[in-house]
Amino acid sequence: MTTEVDVAVIGSGPAGLTAAIHAYQTGARKVLLLEREEELGGILKQCIHNGFGLEQFKQDYTGPEYAERLVKELEKTDVQCLLNTLVTNISADRVITALSPENGALEIRAKSIVLAMGCRERTRSNIGIPGTRPAGIFTAGVAQRFVNIDGYLPGKKVVILGSGDIGLIMARRLTLEGARVIGVYEIMNYPGGLKRNIVQCLNDFDIPLHLSHTITEIKGRERVEGVTISEVDGDLRPVEGSEQSIECDTLLLSVGLIPENELSKKAGIELNAHTGGPITAETMETSVPGIFTCGNVSTVFDLVDYVAQTGAAAGTSAARYASSSPRENRRSVEIVAGENVRLLFPERYGFQDDLILFIRAAEPVEKPVVIEVTPPGSRINRPYARPNEMLRVKIPKGKLAQLKDSITVNIREK
Amino acid sequence: MAVEKRHFVCVVCPIGCEIDVVHDGDKIISMEGNKCEKSEEFVSQELIEPMRILTTTVRIQGAMWSVIPVRSDKAVPKRLFPRIMKQLRYIKLQAPVNMLDVVVKDSVGTGANIIATRTMPRE
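As they're listed, the protein sequences go chains E and S.
Going by the working numbering, the first sequence runs without a break in its numbering and finishes at 433.
Going by the working numbering, the second sequence runs without a break in its numbering and finishes at 383.
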């Protein structure tokens with residue numbers, strides 16, 4: 020079966036839902052939303068805690084409520100949704116191959132495509148923890164799915180490695196469900212997750228957070244029986260003699276997220292080694308004309324509000340692209356990460372829209388900082404810069420019109 | 261009541277001020293480290309009774325999934341979380357359930373209702 024559409028959106032999490040709504044609102048008439056699961060909403064469905072949409076809707080929603088609000092908005096449009104539909108290929112000339120039990124093999128020719136596949140979790144093999152390979156080792160998100168969707172408790176005596184937000188959220192969730200969370204161990208000397216999660220998920224339940232610690236061995240034959248914890252030095256190497264044995268039946272890993280770009284690679288989209296996502300312009304366009312990106316497939320964001328904001332931009336741009344003749348001038352300049360900047364999104368500026376920059380600091384600065392964007396020489400003040408809290412700044416299009424070369428972003432102490 | 265010192269991290273906004281408070285029971289004598297006045301309200305409430313929104317799941321029958329997410333419709337005393345959790349352990353809903361449907365009225369005398377946070381149609 021072959022279909023032709025204006026805009027095809029891949030993935031129906033917060034990024035994809037917002038992109039589809041905005042593509043339709045911008046004027047694209049044939050918008051198709053492809054979702055591999057049986058329901059819309061993506062990972063929001065299992066994020067049952069509150070704290071979503073504070074910025075976008077001025078409401079303190081849980082994940083499912085946030086998703087349902089977006090789905091209700093989507094239902095006011097004529098966007099067509101295909102559930103249980105797995106995209107297996109995207110080509111550079113925007114032909115999508117997808118499979119579903121209902122429709123079999125599908126070929127979708129799209130005038131423009133929005134990538135909204137989200138991210139996946141880093142696993143034990145990504146970080147290489149030595150020891151045996153027993154049952155009872157889960158990524159935090161998998162444990163979250165077991166508890167919140169399937170209704171199973173994955174274990175009773177839990178150690179959490181890594182202080183990413185999902186790990187912190189699961190520390191509280193498992194405690195509420197009657198498990199004992201012994202502690203959260205973080206290799207860095209600062210936490211990975213948001214401060215409010217440290218307070219509300221760990222401190223509230225007297226769960227200790229051990230910074231500069233890692234797991235150096237997993238023990239157990241059939242099931243996890245314990246782990247060895249070691250302190251690490253300034254170079255993140257385990258300190259000899261600091262080993263400590265801890266009994267547990269479950270190990271959760273909250274050690275980072277990776278944008279899910281297997282499909283992007285097939286379309287020949289150029290990826291950024293730092294973010295793991297496509298190299299993107301402010302319009303959310305990737306290196307392949309007519310293919311746009313948004314949400315966590317682009318770079319891993321801290322807040323759903325940021326994800327939705329990029330979704331809106333991608334949907335709008337994709338609709339614009341679908342309705343116009345291809346742009347001749349694709350001139351763009353690079354945006355370079357300078358002093359104390361670990362990564363940036365987007366990393367190119369193409370002279371179409373205002374530049375909304377998401378910046379992650381390399382090192383924490385607990386005093387006032389200035390974010391310098393040069394040219395045009397904008398200086399934006401912030402009370403602090405922390406690697407676990409993305410900074411966002413907006414540079415109006417008008418200020419960037421005369422630009423010739425690259426833009427550099429620095430974070431400096433004030 | 262004796263004068264005591266306590267450390268708080270304010271969660272009113274993302275800055276997360278680290279605050280040292282000297283207090284006598286629930287009366288604040290002095291506080292240090294907060295960048296705005298909103299922290300005062302937060303700290304006084306923390307001294308009187310820490311209040312939080314509870315989010316969890318309850319069992320459901322006749323739906324695509326075996327549990328459905330719920331939350332308290334307003335903040336409840338944190339110390340009552342175990343009691344509310346225990347109450348919810350015995351609840352079994354029947355699909356269909358609509359988002360914001362009341363699952364438990366006035367849970368353990370808090371005045372807060374437990375409400376569903378998603379719609380779950382009948383399978």
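C-beta: ideal position from N, C-alpha, C; glycine also.
| Asked | Found |
| --- | --- |
| DSSP state of residue 278 (chain S), grouped into three classes? | strand |
| Considering only the alpha carbon of each residue, which of E:407, E:373, E:117 and E:403 lies closest to residue 435 (chain E)? | It is not possible to answer for residue 435 (chain E), since the shown part of chain E is limited to 20 through 433. |
| Find the residues of chain S that neighbour residue 21 (chain E), judging by a C-beta separation of less than 8 Å, and give them in chain order. | Within 8 Å Cβ-Cβ: nothing; residue 21 (chain E) doesn't reach chain S, min ~31 Å. |
| Note down, in chain order, each residue of its chain lying with its Cβ closer than 6 Å to the Cβ of residue 146 (chain E), except the 5 sequence neighbours on either side. | 274 |
| For residue 242 (chain E), decide whether its Cβ has a neighbour in chain S, counting only Cβ atoms nearer than 8 Å. | no |
| Could you please give the first and the last residue of the uninterrupted alpha helix (DSSP H) stretch that includes residue 342 (chain S)? | 341-349 |
| Using the DSSP secondary-structure output, state which residues sit across from residue 234 (chain E) in a beta bridge. | E:248 |
| Taking just the CA atoms, how far does residue 410 (chain E) sit from residue 377 (chain E)? | 6 Å |
| Of all the CB atoms in chain S, is at least one closer than 8 Å to the CB of residue 67 (chain E)? | yes |
| Going by other Cβ atoms of all chains shown within 10 Å of its Cβ, with 16 needed for buried, is residue 349 (chain S) buried or exposed? | exposed |
| Just to confirm the assignment, what range does the alpha helix (DSSP H) spanning residue 90 (chain E) have? | 82-94 |
| Where does the unbroken beta strand (DSSP E) through residue 156 (chain E) begin, and where does it stop? | 156-158 |
| Suppose the cutoff is 7 Å on Cβ atoms and the five residues either side in sequence are ignored; what does the same chain contact list for residue 270 (chain E) look like? | 155, 156, 178, 180, 237, 243 and 246 |
| DSSP beta-bridge partners for residue 111 (chain E)? | Paired residue(s): none; residue 111 (chain E) is not in a bridge. |
| Would you say residue 313 (chain S) faces chain E, with C-beta separation under 8 Å as the test? | yes |
| Closest Cβ-Cβ distance between residue 339 (chain S) and chain E: below 8 Å? | no |
| Quick one: measure Cβ to Cβ for residue 337 (chain E) and residue 75 (chain E), integer angstroms, because I've assumed they're closer than 8 Å. | Their Cβ separation, rounded to whole angstroms, is 20 Å, which puts residue 337 (chain E) and residue 75 (chain E) out of contact at 8 Å. |
| Using 8 Å as the limit for Cβ to Cβ distance, is residue 327 (chain S) near chain E? | yes |
| Taking 8 Å as the threshold (C-beta atoms), are residue 52 (chain E) and residue 31 (chain E) in contact? | yes |
| Compare the C-alpha of residue 222 (chain E) against each of S:264, S:263, S:271 and S:346 and name the closest. | S:271 |
| Give me the chain S residues within the contact set of residue 81 (chain E), using Cβ-Cβ distance strictly less than 7 Å, ordered along the chain. | 315, 329, 331 and 377 |
| Please identify the residue among E:400, E:319 and E:390 whose C-alpha is closest to the C-alpha of residue 426 (chain E). | E:390 |
| To which residues of the same chain is residue 415 (chain E) closer than 6 Å at the C-beta, ignoring the five residues directly before and after it? | 373 |
| Excluding the five sequence neighbours on either side, which residues of its own chain have a C-beta within less than 7 Å of the C-beta of residue 307 (chain E), listed in chain order? | 111, 286, 287 and 288 |
| From this set, E:392, E:87, E:58 and E:89, which residue's C-alpha is nearest residue 105 (chain E)'s C-alpha? | E:58 |
| What's the C-alpha gap between residue 196 (chain E) and residue 175 (chain E)? | 9 Å |
| From residue 171 (chain E) to residue 321 (chain S), what does the alpha carbon distance come to, in whole angstroms? | 15 Å |
| Spatial neighbours of residue 356 (chain E) within its chain, please: CB distance less than 7 Å, with the 5 preceding and 5 following residues excluded, ordered by chain position. | 362, 363 and 428 |
| Could you check whether the Cβ of residue 448 (chain S) sits closer than 8 Å to any Cβ belonging to chain E? | The structure shown does not extend to residue 448 (chain S), since chain S is modelled only from 261 through 383, so no value can be given for it. |
| In chain S, which residues lie with their C-beta within 9 Å of the C-beta of residue 214 (chain E)? | 269, 271, 274, 275 and 276 |
| Would residue 187 (chain E) pass as a contact of residue 220 (chain E) if the rule is Cβ separation under 8 Å? | yes |
| Locate the alpha helix (DSSP H) running through residue 290 (chain E), then write down its first and last residues. | It is not in any alpha helix (DSSP H) - residue 290 (chain E) carries neither H nor E in the DSSP assignment. |
| Can you list, in chain order, the residues of the region 150-179 of chain E whose Cβ is nearer than 8 Å to any Cβ on chain S? | 166, 167, 168, 169 and 170 |
| What are the start and end residues of the beta strand (DSSP E) that includes residue 354 (chain S)? | 352-354 |
| Closer than 9 Å by beta-carbon distance: list the chain E residues that pair up with residue 319 (chain S), in chain order. | 170 |
| Roughly how many whole angstroms lie between the Cα atoms of residue 229 (chain E) and residue 89 (chain E)? | 38 Å |
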